[in-house]
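Report on the structure given below.
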Amino acid sequence: MLSLKFLPFNVSSLQKAIVFWRSLSPIRKSRRTTERAIAAFHYYEELSRLDIKQMKRSYMKIGRSHKRIGYDIGYTIKLERLEEVTKVNSVITSKIAKMALDGLEGIVLQYPTGDDLRNVRESLRHLIRDWSSEGAQERSVIFRSILETLSQVDESQRNGIKVLVPGSGLGRLAWEIGEMGFDTSANELSPFMNIAFRFLLSPDETPAVSYHSLHPFAHWFSHQRSNTTLFRSISFPDALPRLSGFFRLLEGDFLQLATPEKYDYVVTQFFIDTSLNIISTLEQIHRLLRPGGVWINLGPLLWTGGAQAALELSLEEVHSLADKVGFEVDPRSRKIIDCEYTADKEAMMKWIYRAEFWTAKKRKHSD
Numbered sequence: 001m002l003s004l005k006f007l008p009f010n011v012s013s014l015q016k017a018i019v020f021w022r023s024l025s026p027i028r029k030s031r032r033t034t035e036r037a038i039a040a041f042h043y044y045e046e047l048s049r050l051d052i053k054q055m056k057r058s059y060m061k062i063g064r065s066h067k068r069i070g071y072d073i074g075y076t077i078k079l080e081r082l083e084e085v086t087k088v089n090s091v092i093t094s095k096i097a098k099m100a101l102d103g104l105e106g107i108v109l110q111y112p113t114g115d116d117l118r119n120v121r122e123s124l125r126h127l128i129r130d131w132s133s134e135g136a137q138e139r140s141v142i143f144r145s146i147l148e149t150l151s152q153v154d155e156s157q158r159n160g161i162k163v164l165v166p167g168s169g170l171g172r173l174a175w176e177i178g179e180m181g182f183d184t185s186a187n188e189l190s191p192f193m194n195i196a197f198r199f200l201l202s203p204d205e206t207p208a209v210s211y212h213s214l215h216p217f218a219h220w221f222s223h224q225r226s227n228t229t230l231f232r233s234i235s236f237p238d239a240l241p242r243l244s245g246f247f248r249l250l251e252g253d254f255l256q257l258a259t260p261e262k263y264d265y266v267v268t269q270f271f272i273d274t275s276l277n278i279i280s281t282l283e284q285i286h287r288l289l290r291p292g293g294v295w296i297n298l299g300p301l302l303w304t305g306g307a308q309a310a311l312e313l314s315l316e317e318v319h320s321l322a323d324k325v326g327f328e329v330d331p332r333s334r335k336i337i338d339c340e341y342t343a344d345k346e347a348m349m350k351w352i353y354r355a356e357f358w359t360a361k362k363r364k365h366s367d
């Protein structure tokens, strides 16, 4: 593995940055994944340029007459444009890395991988999905039933009601719940998401609405109607998230989350199917809820591939498991919600989830 050549930062600053980020979390993150996340954001442009070089090599393998046709229809200009917008995106990724590095000392780390680059690109798409006007329609479809359920709580009583949102990603749903007046905690495992979210939370880095812009779909050439839509710039954020008495961030593994307090609601959105052991996940949701507390769920059952998940259950089996763990699913709450997730609304394809929504109450005698 190659050592990082951090520029313009002192290489030694990186390790203290890692220690700093771990200290922000009540659950110490894996050092390895945290280091990789910070390094990958910093090296986003360099890693992306390696991809572009490979694309150029593939183009150069075709015959001269075909290369001429490609030139005539503008394909070489398209690759040059990809380089340009990658540099624009790197302004954001470099700032995210720099926020973790400023004033800190440390050691040399391993060079990030292609998987790390994909995680950075997904984080950039989540920034747009969660915190831009372009993502508003998708968010509205996914958030609506959850927020409507919580809105049934009288506004005068919300201040004392605790809500936990595990798998919170870039935090928009949890922030929206906090804005309703609930005492809300966002919990996220991925350091890629957490580092990007802290960039948004910082008044120094994100002082105003629409302060930043990205070309979030530039690296996905498939299903594009035009290069104009492919390379379009989108500004963010459309609102300013800040930590407050109503909104806090708990970084780390949900299964390792241990708090002395119990929650009135646990809200899972596109989360439970990320479990490698769904039984442990439902038991943890149950454990963290007070007796009579409510679990609100929305999502598909897209289990982790490669036989990594210990159990890959059907919806019927998930509800049977919920009953065994100690939940009563409200049959009146159940409904199917057709929705997308981090979609490109200008693309030539749509991936529609037929997500399932339900609420379930923790039996009062189950503790």
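With the UniProt record's numbering, the residue at position 44 of the sequence shown is 44, and numbering never jumps. The C-beta atom is built at its ideal place from N, Cα and C for all residues, glycine as well. Since the model is a prediction, treat every value here as computed from it, not as a measurement.
For residue j and residue i, the rounded distance between their alpha carbons
i	j	result
Ile336	Ala355	6 Å
Phe254	Gly167	8 Å
Phe199	Lys262	29 Å
Ser65	Thr342	39 Å
Trp220	Gly292	46 Å
Arg36	Ala97	11 Å
Asn194	Asp72	44 Å
Lys29	Pro191	At Lys29 the pLDDT is 43, less than 50, meaning the model places this residue with poor confidence and gives no usable figure here.
Lys364	Phe327	9 Å
Ile92	Arg332	45 Å
Ile177	Leu201	16 Å
Glu122	Val294	31 Å
Ser48	Ala39	13 Å
Glu205	Leu150	32 Å
Glu80	Thr229	16 Å
Ala218	Tyr59	18 Å
Trp21	Arg68	Low local confidence applies: a pLDDT of 42 at Trp21 is under 50, so the model's placement there is unreliable, with the coordinate-based value given in what follows. If I take the Cα positions, the gap works out to 50 Å.
Leu50	Val85	15 Å
Asp154	Ser90	45 Å
Gly160	Glu312	37 Å
Leu298	Asp338	11 Å
Pro260	Gly171	23 Å
Ala310	Leu276	6 Å
Asn267	Arg290	Looking at the sequence itself, residue 267 is Val, so the reference to Asn does not match. Roughly 14 Å between the two C-alpha positions.
Ala136	Gly306	33 Å
Arg334	Val163	20 Å
Residue i (DSSP reduced to helix, strand or coil)
i	result
Phe231	coil
Trp351	coil
Ile161	coil
Asp338	strand
Pro8	With a pLDDT of only 41 at Pro8, under the threshold of 50, the placement of this residue in the model should not be trusted; the figure read from the coordinates follows. Of the three classes helix, strand and coil, the one that applies to Pro8 here is coil, per DSSP.
Arg242	coil
Tyr263	strand
Gly306	coil
Ser213	strand
Gln284	helix
Gln256	helix
Arg363	coil
Segment limits, alpha helix (DSSP H) that includes residue i
i	result
His66	Arg64 to Asp72
Gln137	Ala136 to Ser151
residue 369	Given a span of 1 to 367 for the chain in the structure shown, any question on residue 369 remains unanswerable.
Trp175	Arg172 to Glu179
Glu328	Here Glu328 belongs to no alpha helix (DSSP H); instead the beta strand (DSSP E) covers Phe327 to Val329.
His126	Gly114 to Trp131
Leu311	Leu311 -> no alpha helix (DSSP H), and no H or E assigned at all.
Asn277	Element bounds for Asn277: n/a, residue is neither H nor E.
Ala97	Tyr75 to Leu101
Residues sharing a beta bridge with residue i, DSSP
i	result
Asn187	Pro166 and Leu250
Gly299	Glu356
Gln224	Per DSSP, none; premise fails for Gln224.
Phe236	His212
Val294	Tyr265 and Lys361
Leu289	Tyr263
Residue interval of the beta strand (DSSP E) (run including residue i)
i	result
Ile272	Ile272 -> no beta strand (DSSP E), and no H or E assigned at all.
The segment 283–298 touching the segment 318–333, judged by at least three CB pairs closer than 8 Å: yes
Inter-stretch contact at 8 Å, needing at least 3 Cβ pairs: the segment 208–219 / the segment 264–274: no
Inter-stretch contact at 8 Å, needing at least 3 Cβ pairs: the segment 109–124 / the segment 35–43: yes
Stretch pair the segment 54–72 + the segment 115–128: three plus CB contacts closer than 8 Å: no
Sufficient close CB pairs (3 or more, under 8 Å) joining the segment 344–361 to the segment 300–308: yes
Three CB pairs or more closer than 8 Å across the segment 234–247 and the segment 129–145: yes
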